[in-house]
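*Asks:* My structure is below; once you've seen it, I'll send some questions.
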Amino acid sequence: QLVESGGGLVQAGGSLRLSCATSGRTFSTYSMGWFCQAPGKEREFVAVRSWNAYSIRYADSVKGRYTISRDNAKNTVYLQMNSLRPEDTAVYYCAAAPGGGEYKYWGQGTQVTVSS
Numbered sequence: 004q005l006v007e008s009g010g011g012l013v014q015a016g017g018s019l020r021l022s023c024a025t026s027g028r029t030f031s032t033y034s035m036g037w038f039c040q041a042p043g044k045e046r047e048f049v050a051v052r053s054w055n056a057y058s059i060r061y062a063d064s065v066k067g068r069y070t071i072s073r074d075n076a077k078n079t080v081y082l083q084m085n086s087l088r089p090e091d092t093a094v095y096y097c098a099a100a101p102g103g104g105e106y107k108y109w110g111q112g113t114q115v116t117v118s119s
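With this note's numbering applied, the sequence shown closes on residue 119, and no number is skipped along the way.
So, in structure tokens, the structure goes:
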């Protein structure tokens, strides 16, 4: 099970840290990703971190502003979001991919709203 938290309303230029708490199984060997979906748009890739941190990738739109990290001891994945823009407004989802393959588990999402 994946449960996101940390979303909310923030002004442009502000920061938020999203958390994704995992439970029910061991996700320590899964790649963990973040995705977002804005109203009327398809779900988009935001960031992914392999279980061993050998592979960390970001969407071009968030490079230099977002940072994905994980704390295996706390079974939690984070997305630090800085310099937020109104166009970052979306529901953000975390997802888990066993062995770095297809994303098999998804959270319910947390709303991020950035006001101008």
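The beta carbon of each residue, even a glycine, is placed where N, CA and C say it ideally should be.
1. Under the three-state reduction of DSSP, which class applies to P101: helix, strand or coil?
2. Could you check what DSSP says for D91 in three-state terms: helix, strand or coil?
3. Give me the residue from G112, V117, A100 and Y108 with the minimum Cα distance to T32.
4. Hey, would you say A24 sits closer than 8 Å to G36, going by beta carbons?
5. Could you tell me whether the Cβ of Q111 comes closer than 8 Å to any Cβ of chain D?
6. For F30, name the three-state secondary structure that DSSP assigns.
7. Give every residue of the same chain whose Cβ lies closer than 6 Å to the Cβ of N85, excluding the five residues on either side of it in the sequence, and list them in chain order.
*Replies:* So, from the listed chains and residues:
1. strand
2. Helix.
3. A100
4. no
5. The structure shown contains no chain D; it holds only a single protein chain.
6. coil
7. S18 and R68
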